[in-house]
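Reviewing the structure listed below.
In my numbering, the protein residues as written are 17 to 480.
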């Protein structure tokens, strides 16, 4: 049974800026700006469709997305405080990550980490689609695809697309352009012609309104006078401008490790479409996750160029998944380079992951020697980056990881730590470091045996 609206109002009261966001009639709305503006709460409430009594409709479907599961967990935790207030009969399914309300209406909370994962939603429809922290997506591919999923046949429900974010992040530029946001982060609202998909699969051209509502820490009375403000004031200048002032004239990602290398690659147009040479071996470079993601770069050496033609990343899945992915790719494989711990025997199987891969037909596997200082590995990446080309479509998630890879900020000493921040970008960046370390160590050779006689070394691709 749904709770009385007066009880809802007492239990959760929107700030004026949140109220503006909740009342917006526009099809596309971005609620963004400084940190602490109450964006995530606003998104959770807005997905419940209270303004059109959406939760009373059994066929109402909404989805809220974040880029990774650790980030999604915060949204799930907050929803467990809010949605029982909206409807005291609401039930949450932890396996499916779905809230089901008294009427049968559903709100799904999920993560969409890889760009190709957007196709998992093919054939599905949502009356409401929301993205939390949209600038964590390097390109607009995921967002634009999910827009085509936002539709409903119910005449009592109006479909909406909503997103929140802070300035900065790997997707800063495309988000800024999409909503025509100026450097000061002022509100925008304008009409655009779009092609929208209907529930029967057909498309129709419509004029919709796209709107940006800026959020500021000062708009949130619950945080504006706390230590949260003091912490933001101590951030480095560029990050402070983005997260405290809500400005969009952010030229880089604070603490970005490969900023100069990426800027040069952009100028030299090395983020481009890269053809796959069918008869040339494809090498792979891995970062093996135990409890989080495993990332794999796919590489071909063409003349003096190191071409990265593909990238794959997944999480919370076994080694068999990656074996299947490689076989499904259909590439002519060369060597597979894994980090030093691939040689470690695992308690559960009594085998190393190197051995398990080779038994599955993924071979030869070369274990890249360990280096004690991660900073040395980062320098190796910098040394070799100028020879690298990246396919912007197949490697989109890997490129996003390299762009977002950054140092950790030491709050107490007010300096950047020498150690990188461990977050969603780490796996892709660490897998790429395997390439650089192998390149430097000149281990990119294949050992081939001929009729049981002495080993004969042959360059798979020249490392000097």
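C-beta: ideal position from N, C-alpha, C; glycine also.
- Check whether the Cβ atoms of residue 189 and residue 289 sit closer than 8 Å, and answer yes or no. Sequence index remark: in the chain shown, residue 189 carries index 173 (1-based). Sequence index remark: in the chain shown, residue 289 carries index 273 (1-based). Taking 8 Å as the Cβ cut-off, residue 189 and residue 289 do not qualify as a contacting pair.
**Request:** For residue 478, collect the residues of the same chain with a Cβ closer than 6 Å to its Cβ; drop the 5 residues on either side in sequence, then sort them by chain order.
**Result:** By one-based count along the chain shown, residue 478 stands at place 462. With a pLDDT of 38 at residue 478, under the threshold of 50, the modelled position of that residue is not reliable, and no figure is offered here.
Q: Flag this pair as touching only if the segment 403-417 and the segment 125-139 have three or more C-beta atom pairs under 8 Å; answer yes or no.
A: yes
- [ ] Count the other CB atoms, across all protein chains shown, that sit within 10 Å of the CB of residue 36; report buried if there are 16 or more and exposed otherwise.
- [x] Counted from its first residue, the chain shown places residue 36 at position 20. Buried is the call here.
Quick one: what does DSSP say residue 195 is sitting in, helix, strand or coil?
The count along the chain shown starts at 1 and reaches residue 195 at position 179. In the structure shown, residue 195 sits in coil (DSSP, three-state: anything other than H, G, I, E or B).
DSSP three-state call for residue 188: helix, strand or coil? In the chain shown, residue 188 corresponds to position 172, counting from 1. It is helical.
From residue 431 to residue 425, what distance separates their C-alpha atoms?
-> Position 415 of the chain shown, counted from the first residue, corresponds to residue 431. Position 409 of the chain shown, counted from the first residue, corresponds to residue 425. Residue 431 and residue 425: Cα-Cα distance of roughly 6 Å.
| Nearest CA to the CA of residue 390: which residue from 354, 445, 378? | Numbered from 1 along the chain shown, position 374 holds the residue referred to as residue 390. Per the Cα distances, 445.
Query raised in the report: Looking only at its own chain, which residues have a Cβ that is under 6 Å from the Cβ of residue 286, when we skip the five neighbours before and after it?
Result: For the purposes of this step, residue 286 is taken as the residue at position 270 of the chain shown. 405.
Check your understanding: Would you report the Cα separation of residue 269 and residue 439, rounded to the nearest angstrom?
Key -> Here residue 269 refers to the residue found at position 253 when the chain shown is read from its first residue. Here residue 439 refers to the residue found at position 423 when the chain shown is read from its first residue. Distance between the alpha carbons of residue 269 and residue 439: 14 Å.
Determine the extent of the beta strand (DSSP E) in which residue 80 is found, giving its start and end residues.
Start at 1 with the first residue of the chain shown, and residue 80 comes out as number 64. Element bounds for residue 80: 77-82.
Who pairs with residue 404 in a beta bridge, going by DSSP?
-> Residue mapping note: residue 404 aligns to position 388 of the chain shown, counting from 1. BP columns for residue 404 point to 322.
Go ahead and pull the three-state DSSP assignment for residue 369. Stepping through the chain shown from its first residue, residue 369 is reached at position 353. In the structure shown, residue 369 sits in a helix (DSSP, three-state: H, G or I).
Discussion item. Can you list, in chain order, the residues of its chain with a C-beta nearer than 7 Å to that of residue 8? Leave out the 5 residues immediately preceding and following it.
Written reply: The question about residue 8 has no answer here: the residues shown for the chain are numbered 17 through 480.
Selected residue, minimal CA-CA separation from residue 73, among 116, 86, 387: Within the chain shown, the letter at position 57 stands for residue 73. If we check each option's Cα against that of residue 73, 116 comes out closest.
**Message:** Within 10 Å of its beta-carbon, does residue 208 have 16 or more other beta-carbons around it, so buried, or fewer, so exposed?
**Reply:** Within the chain shown, numbered from 1, the residue matching residue 208 stands at position 192. With fewer than 16 Cβ atoms within 10 Å of its Cβ, residue 208 is classed as exposed.
Review point. Short check: CB of residue 125 to CB of residue 80, under 8 Å?
Key: Here residue 125 refers to the residue found at position 109 when the chain shown is read from its first residue. Here residue 80 refers to the residue found at position 64 when the chain shown is read from its first residue. Yes, Cβ-Cβ distance for residue 125 and residue 80 is below 8 Å.
For residue 60, tell me which candidate among 450, 42, 39, 92 has the shortest Cα-Cα distance. Looking up residue 60 in the chain shown gives position 44. Residue 92 is the option with its Cα nearest to residue 60.
Checklist entry - What does DSSP give as the partner residues of residue 178 in its beta bridges? => result For the purposes of this step, residue 178 is identified with residue 162 of the chain shown, where counting begins at 1. The partner list for residue 178 (beta bridge, DSSP) reads 45, 146.
>> Rounded to whole angstroms, what is the Cα-Cα separation between residue 219 and residue 148?
In response: By one-based count along the chain shown, residue 219 stands at place 203. By one-based count along the chain shown, residue 148 stands at place 132. Approximately 27 Å, taken between the alpha carbons.
Margin query: Looking only at its chain, what residues have a beta carbon closer than 8 Å to the beta carbon of residue 114, apart from the 5 residues adjacent to it on each side?
Written below: For the purposes of this step, residue 114 is identified with residue 98 of the chain shown, where counting begins at 1. Taken in chain order, the residues that qualify are 108, 122, 123, 124, 125.
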